[in-house]
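Numbering (my numbering), first residue to last: 856 to 915. Using N, Cα and C, we set each Cβ at its ideal position, and we do this for glycine too.
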């Protein structure tokens, strides 16, 4: 995924189907300059982590 699309998803009120390592996640924040996103699994909001935006995958 590119940084621009990750930012669009993070800003949207509509939930997108995005995965990280096969697990559905929620994008909390995107640092466009560093190319990283703060994410958490849908079933565990307390398990936040920063990952490369390139490692996120959007499913339609």
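Alpha-carbon spacing of residue 882 relative to residue 861, whole angstroms: 8 Å
Beta-carbon proximity of residue 904 to residue 858, cut-off 8 Å: no
Residue 907 (DSSP reduced to helix, strand or coil): strand
Proximity below 8 Å, CB of residue 885 to CB of residue 908: Taking 8 Å as the Cβ cut-off, residue 885 and residue 908 qualify as a contacting pair.
Contact under 8 Å by Cβ, residue 912 with residue 871: no
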